[in-house]
Every structure is written in C-alpha cells, then in structure tokens.
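Asker:
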Amino acid sequence: NGQLAGEHVGGYTPFEIEATAWLRPGAENTLAVLVDNAWSTETLPGARIGSKPQEQVYPWREYGGILGSVRLLLTAPIFVANLRVIAEPNLADGTAAVALTAFVRNATAAPARVRVGFTLERGAQPVEAWTGNRALAVEAVLPPRAVTPVMAQVRLRPDQVRRWGVDHPQLYTARAAVLEGGRETETGTTTFGIRKIEARAGKLLLNGEPIRMGGGNRHSDHPQFGSIDPAEVVETDLRQMKRANMDLMRITHYPVEPRILDWADRHGLLIIEEGLNWQLTEPQMDSPALRANFQTQMREMIERDWNHPSIIGWSVGNEYSSSSPAGLRWTKDMIDWARTLDDTRLLTFASHEAFSEKFPHADEEGSRYVDLICINMYDHFARRLDLVHARWPDKPVLVTEYGFRADLMPGEEARREAHRRTIELFRARPYVVGASVWTYNDYRSRFPPGTDARGYRQWGVVDADRREKPTYALLADEYSPAVIREARAEAGGARVTATIQARADFPSYTLRDYAVRVDFLDSAGGVVGTVRSTLPVLRPGDSYALDVPGGASAEAKPARVRLELVRPTGFVTTAAELALR
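For the sequence shown, the numbering used here begins at 3 and goes up steadily by one.
Structure (structure tokens):
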C-alpha cells in the first residue's frame with residue numbers, strides 16, 4: 003500500500019516481513035516486491051576483489067527474480083514461528099533422546115502466559131503426545147513482541163525407535179501447538195529422523211557404523227526453469243543421482259531449495275550444506291560487513307534446515323585462501339560460531355589448499371579446525387591425498403570435488419577411464435570416506451575460463467537436458483556398494499546362481515534388507531517371470547551365494563536373465579544380464 007514494510011539481503015534463504023501495520027481491513031491491498039540480483043564485491047554471492055574477468059563474476063548463473071516460494075501467512079497474535087528437534091539414538095540400549103524447542107512469537111504489546119503441547123508421530127501412528135505425557139505440555143511466559151523458546155524433552159523406548167539411514171530413511175513428525183482450554187490452536191510441524199553422525203579415528207560413522215560412499219555435486223540450473231527447482235525437476239534429478247549411487251555429497255555452493263532436502267530425507271541422501279563464501283579474498287573475509295552478511299544468511303539456512311536428517315554437516319565456504327591469516331581467522335571464527343547454532347552436525351569447508359606444499363605445518367591451514375576434511379582436487383590425486391592424511395591422520399577425508407571436463411578430454415571413453423583410475427586411488431586409501439564428482443549436470447555460467455560457446459560448463463555426467471553421458475553408467479557401477487559376480491543360468495533358466503559381493507573398500511557400508519530380483523526376459527525384452535530373493539545382512543567384504551529356481555515356464559521361452567540388486571528403498575544399485583542357452 004505504498005509503504006516500505008521491510009527488506010532482506012540474500013536470495014537463497016527464507017525471511018518473513020510483518021505486514022500487519024500496513025494492511026487496510028475491508029479494502030483492497032497491494033503487495034509489491036522489488037527484487038534486485040545485481041552483485042558486487044560486497045554481495046554474497048558476488049565478485050571478488052581483483053582485475054581478472056573471472057574475478058568479476060561467480061561461476062554459476064542466476065536468472066533473476068525470486069528463486070523460492072512466497073506465502074502469505076495468516077496467524078493468531080501468538081503462534082509457533084519455528085520448531086527444532088534434536089533426536090539422538092543411544093546405540094547401546096536402543097533408546098533415543100528427543101529434545102524439542104518451539105519458538106513461539108508473541109506479536110502483541112503485552113506479556114502472555116501460554117501452554118505449549120508437543121506431539122510425536124511416525125507415519126500416522128502416535129509415539130508420544132502432550133495428552134498422555136505431562137512432560138510434553140509446557141507453560142511459559144512470553145514477553146511482548148518477541149520470540150521465546152519453549153522446550154521439552156522425552157526419551158523414546160527401543161520399540162518406539164526407528165533409526166534413519168541411507169537405506170532406511172525412517173521419518174517422524176513433531177508438532178508443537180499453542181493450547182487453549184485443552185485444545186490445539188496455532189501449530190507448527192516438522193519432520194525429523196533419529197540418527198547419529200560422527201567423524202573420529204579417521205572414519206565417518208552413521209549410527210555407529212563406518213561408511214564410505216560416492217556422491218555428486220549438482221548446480222540448480224535447468225534449460226526450462228533456470229535456477230529455480232520445481233518439484234518435477236527435483237524428483238527427476240535426485241532420482242537420477244540416486245540411481246547412480248550418489249549418496250554422500252557437499253551438494254553445491256549455496257543453500258538449496260527445501261524440496262531437495264525433503265527428497266533426501268525421504269529417500270536417503272547424506273548432504274553437507276554450504277554457506278556463501280565462494281573463493282572470497284582476504285580483505286573480503288576480514289570485512290565486518292561481509293562477515294555479518296554471511297552469518298545472517300548462514301543462520302537463516304541453519305534455522306530453516308536444522309531438522310533434516312539428510313544434512314550431516316555445515317560448510318563455511320569453498321576454495322578460499324585457507325592458509326592465509328585471513329582464511330585461518332575466517333575458518334576458526336565461522337566454525338566456532340556455527341557450532342553455537344548447531345553442535346549436532348559436522349563443521350567443515352571445502353579446501354583447495356589442504357594439500358598445498360607452500361606451508362610446512364598442519365596448523366598453518368584451516369583444515370586444522372574442521373571435523374571432516376573436505377578437499378577439491380582435479381589432478382595429482384594420490385600425492386595430494388597422502389599429504390593431507392599425513393598432516394591430519396585422525397581426520398577422515400571427503401573429496402568434495404573431483405572430475406574431468408568433457409571438452410578437455412579426447413572422448414568419453416578416455417573420460418571414463420580417468421574416472422575409473424581415480425576411484426581406484428580412493429579405494430586404496432581407507433581414510434577417504436567419500437568422493438563426489440564435479441558435477442552431476444552440465445550448467446550455465448558466466449565464468450570466462452572453461453565455459454563453452456553455448457554458455458555451458460561441460461563437467462556433468464549428464465548434459466543440461468539430463469541425457470546420460472557414458473561416464474554416468476561407469477559411476478553408477480563404481481559407486482555401487484556391492485557387485486554381482488559369476489552369474490550363471492542353466493539351460494532354459496531352470497536355475498540361476500551368482501555371488502553377491504559387498505565391497506570391502508570403496509564404497510562400503512553394511513547392507514541390510516537388500517534383495518536380488520531375477521527377471522526372465524523373452525526375445526523382445528518382455529518380462530515373462532520373476533523371482534525375488536532377500537539377502538542376509540552383508541557387512542563390507544561379505545559375500546552371498548545366490549541360488550534360485552527358474553521363474554518362467556518353458557512355454558514362455560525365456561531368452562535372457564537380468565539380475566538386479568535392490569535397496570530397501572526400491573532403487574537398483576547394480577545389475578547383470580546374461581543370455582540363456
């Protein structure tokens with residue numbers, strides 16, 4: 003209605019503007035939003051201080067306008083503004099401690115006394131509720147025009163606990179409600195998972211078990227939708243990544259669309275989410291204004307996403323000068339600060355200097371402050387990995403970026419072979435707990451070096467239209483946690499045998515509730531019979547001898563047999579096919 007109601011810096015993170023004072027009840031109201039995506043050396047993301055063309059831009063493209071969703075929120079004067087759940091399993095006795103915090107806003111000019119009730123559900127089944135557990139109904143006095151945390155705790159019994167994991171993404175729902183006369187009024191809800199993530203003794207542990215996994219970086223960039231991520235793009239892209247066994251990743255350089263994290267929660271991805279320091283220069287990292295801007299946007303990211311079990315860590319930046327005095331200050335200060343917001347996840351940054359030989363001592367580079375070492379590297383893999391491990395032998399290493407740009411290779415076969423050789427180097431180093439290819443998709447860019455005539459950077463294992471390049475299939479095979487060996491079928495498919503081998507090196511983790519689906523195919527490729535066999539628990543290095551009877555009649559004339567190793571979530575990790583005699 004012609005009055006400035008508020009403003010916000012940053013295009014990736016959520017914010018709310020209280021507009022009540024400017025509304026005209028009963029009349030037509032006009033809400034106007036002005037968006038400016040100009041960048042400079044003082045914006046995040048933005049330019050860096052320098053004179054080179056590539057220092058004037060950042061290497062992904064924004065398309066202008068609003069990137070996320072917009073909602074008009076109608077609330078009572080007292081309402082739940084945010085909800086936080088910290089759920090940690092006790093791996094020894096099977097219980098879980100759940101700490102709940104409702105952030106309740108009192109928009110009135112007077113203090114208010116309220117009761118807040120908490121409820122936990124798994125699926126449609128109640129787990130714990132304020133109606134039956136007095137510890138989950140909490141009284142609080144709310145100061146005027148303020149947000150007040152209201153807290154409760156509950157311990158879940160073993161029979162109430164289903165741990166969240168990559169193959170068993172079990173989700174719960176928490177609800178906080180303002181109570182009036184024994185009924186719920188204003189409510190806030192969130193989903194969460196019960197899981198434990200640790201980095202210690204050179205290992206990455208999920209729920210107490212070591213994991214080593216492949217992954218992929220993904221830029222939010224699409225020929226039809228630009229840099230927004232509508233539901234159909236998220237579903238298509240992440241399903242394609244999951245089919246390639248991309249499970250563990252620092253997924254990109256900025257806060258991601260919440261739909262991505264919702265999908266990751268439901269289907270089992272492990273993600274490190276990154277704040278907006280992309281190669282900031284030393285003067286920028288020491289700038290009080292830019293530091294404050296970074297912290298504001300990172301706080302908004304953390305407070306939006308802190309209930310997602312798929313998020314296992316926060317990154318305070320990418321490829322900045324981490325061995326400079328300013329870079330060391332930035333790393334220590336931002337990690338210490340971020341830990342005050344969330345001390346339940348790993349803190350890190352993506353370094354391109356951890357393996358540098360320009361400094362002799364490990365305490366001269368920012369990786370000294372992290373829980374999980376993350377490094378980006380594109381050559382000299384073995385020497386650089388060994389140097390990083392020698393400097394910080396007790397810290398696990400995640401290769402957050404590695405890859406081979408398609409237009410720099412003589413062909414896709416050479417690119418496939420380069421990937422295969424590199425993954426073998428990762429396998430030989432037990433401290434490498436993950437490796438994430440740069441990138442899943444080709445993406446548009448303004449960055450002068452390495453951008454083709456169409457405006458794309460050809461790092462992807464799929465092109466901009468999501469067509470799979472030959473390297474995609476290789477990564478799907480190499481990132482599989484198990485392989486199918488010695489597959490054989492008797493004449494006519496009367497009996498099928500194979501060895502299912504869980505990898506002992508990379509990737510590797512314990513496989514539970516996996517199954518082998520054996521499809522019998524006719525000469526046209528149609529399925530004429532199916533046999534499914536559930537596997538026992540396979541720990542890294544274990545094998546299982548599969549022996550199943552035929553699943554098709556002689557009249558069906560099966561011509562081929564296809565074996566697929568299927569996760570509990572339904573995704574196929576690897577497959578083999580053979581002709582019948």
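Here a beta-carbon is modelled for each residue, glycine too, at the ideal position from N, C-alpha and C.
Does the Cβ-Cβ distance between V435 and I253 come in under 8 Å?
Answerer: No, they are not a contact pair.
Asker: Taking the C-alpha atoms as reference points, what is the distance between P27 and V35?
Answerer: Between P27 and V35, the C-alpha separation is close to 20 Å.
Asker: Do you know how far the Cα of R331 is from the Cα of G12?
Answerer: Each residue's alpha carbon lies about 23 Å from the other.
Asker: Roughly how many angstroms separate the alpha carbons of S447 and R63, rounded to a whole number?
Answerer: Answer to the nearest angstrom: the Cα atoms are 5 Å apart.
Asker: In the DSSP assignment, find the beta strand (DSSP E) that holds M379 and state where it starts and stops.
Answerer: Neither: M379 is in no beta strand (DSSP E) and is coded neither H nor E.
Asker: Check whether the Cβ atoms of P91 and I199 lie closer than 8 Å to each other.
Answerer: Not in contact: P91 and I199 (Cβ atoms no closer than 8 Å).
Asker: How is Y371 classed by DSSP in three states: helix, strand or coil?
Answerer: In the structure shown, Y371 sits in a helix (DSSP, three-state: H, G or I).
Asker: Start and end of the alpha helix (DSSP H) containing I425?
Answerer: Counting along the chain, the alpha helix (DSSP H) containing I425 begins and ends at E414 to R429.
Asker: D444: which of A83, N219 and A98 sits nearest, CA to CA?
Answerer: Selected option, being the one with the closest Cα: N219.
Asker: Measure from the alpha carbon of G217 to the alpha carbon of each residue in G4, Y481, V59 and A21, then state which is nearest.
Answerer: The option with the nearest alpha carbon to G217 is Y481.
Asker: Below 7 Å CB to CB, which residues in the same chain sit around M303 once its five sequence neighbours on both sides are set aside?
Answerer: For M303, where only same-chain residues beyond five positions count, the Cβ hits under 7 Å are T15, P257, E275 and G277.
Asker: Go through its chain and collect everything with a Cβ distance to R514's Cβ below 6 Å, but skip five positions before and after it.
Answerer: Result list for R514: V539, in chain order.
Asker: Ignore the nearest five residues each way along the sequence and tell me which others in T342's own chain have a CB closer than 6 Å to its CB.
Answerer: Nothing meets the Cβ criterion.
Asker: Name, in chain order, the residues that DSSP records as bridge partners for G436.
Answerer: In DSSP, G436 forms a bridge with M215 and L400.
Asker: Output the distance between the C-alpha atoms of H363 and Y433, rounded to the nearest integer angstrom.
Answerer: Roughly 20 Å separates the two Cα atoms.
Asker: Assess contact between the stretch 479 to 495 and the stretch 256 to 272, defined as three or more Cβ pairs (one per stretch) separated by less than 8 Å. Is contact present?
Answerer: Judged by Cβ distances under 8 Å, the stretch 479 to 495 makes no contact with the stretch 256 to 272, as fewer than three pairs qualify.
Asker: Which residues mark the beginning and the end of the alpha helix (DSSP H) in which I88 is found?
Answerer: Element bounds for I88: not the alpha helix (DSSP H) but the beta strand (DSSP E), I80 to P91.
Asker: Kindly list the residues whose CB is nearer than 6 Å to the CB of A292, restricted to its own chain and excluding five residues on each side of it in sequence; keep chain order.
Answerer: Sequence check: residue 292 is Leu here, not Ala. Q286.
Asker: If I measure Cβ to Cβ from G8 and keep anything under 7 Å in the same chain, skipping five residues before and after, which residues do I get?
Answerer: Excluding sequence neighbours, G8 sits near I19.
Asker: Check this for me: beta carbons of L474 and W440, under 8 Å apart or not?
Answerer: Going by the sequence as given, residue 474 is Tyr instead of Leu. The answer is no: Cβ separation not under 8 Å.
Asker: At which residues does the beta strand (DSSP E) containing V235 begin and terminate?
Answerer: First-last for V235: A233 to R245, but that is the alpha helix (DSSP H), not the beta strand (DSSP E).
Asker: Could you tell me which uninterrupted beta strand (DSSP E) segments, each at least 3 residues in length, are contained entirely in the stretch 295 to 380, listed from first to last along the chain?
Answerer: Here the runs fully enclosed are 313 to 320, 348 to 353 and 375 to 378.
Asker: I need the DSSP call for A266, collapsed to helix, strand or coil.
Answerer: DSSP places A266 in helix when its eight states are reduced to three.
Asker: DSSP three-state call for Y442: helix, strand or coil?
Answerer: Coil.
Asker: Using DSSP's beta-bridge definition, name the partner residues of H224.
Answerer: Partner(s): G228.
Asker: What span of residues does the alpha helix (DSSP H) with E30 cover, start to end?
Answerer: No alpha helix (DSSP H) holds E30; DSSP gives it neither H nor E.
Asker: Per DSSP, Y546 forms a beta bridge with which residues?
Answerer: The partner list for Y546 (beta bridge, DSSP) reads I502.
Asker: Using a Cβ-Cβ cutoff of less than 6 Å, which residues in the same chain neighbour A104 once the five nearest sequence positions on both sides are dropped?
Answerer: Only V82, L85, V118, V152 and A178 meet the Cβ criterion.
Asker: Between H10 and the rest of its own chain, which residues show a CB-CB distance below 8 Å, the 5 nearest in sequence each way excluded?
Answerer: Answer for H10: F17 and I19, listed in chain order.
Asker: What does DSSP give as the partner residue(s) for I196 in the beta ladder?
Answerer: Bridge partners of I196: R165.
Asker: So, with DSSP's three-state summary, where would you put Y474?
Answerer: Note: Y474 maps to helix in three-state DSSP.
Asker: Buried or exposed for Y65, going by 16 or more other Cβ atoms inside 10 Å?
Answerer: Its Cβ having fewer than 16 others within 10 Å, Y65 is exposed.
Asker: Which of the three DSSP states, helix, strand or coil, is assigned to Q172?
Answerer: Residue state, collapsed to three classes: coil.
Asker: Below 8 Å, can you find three or more Cβ-Cβ pairs linking the stretch 161 to 172 to the stretch 132 to 149?
Answerer: No: the two stretches stay apart, fewer than three of their Cβ pairs being nearer than 8 Å.
Asker: If contacts are defined as beta-carbon pairs under 8 Å, then S312 and L250 qualify, I think. What distance do you get, rounded to the angstrom?
Answerer: S312 to L250, Cβ: 10 Å. No contact.
Asker: Could you pull out every residue in the same chain whose Cβ sits closer than 7 Å to the Cβ of D231, ignoring the five residues on either side in sequence?
Answerer: Excluding positions up to five away in sequence, the list reads S222, E259, R261 and I262.
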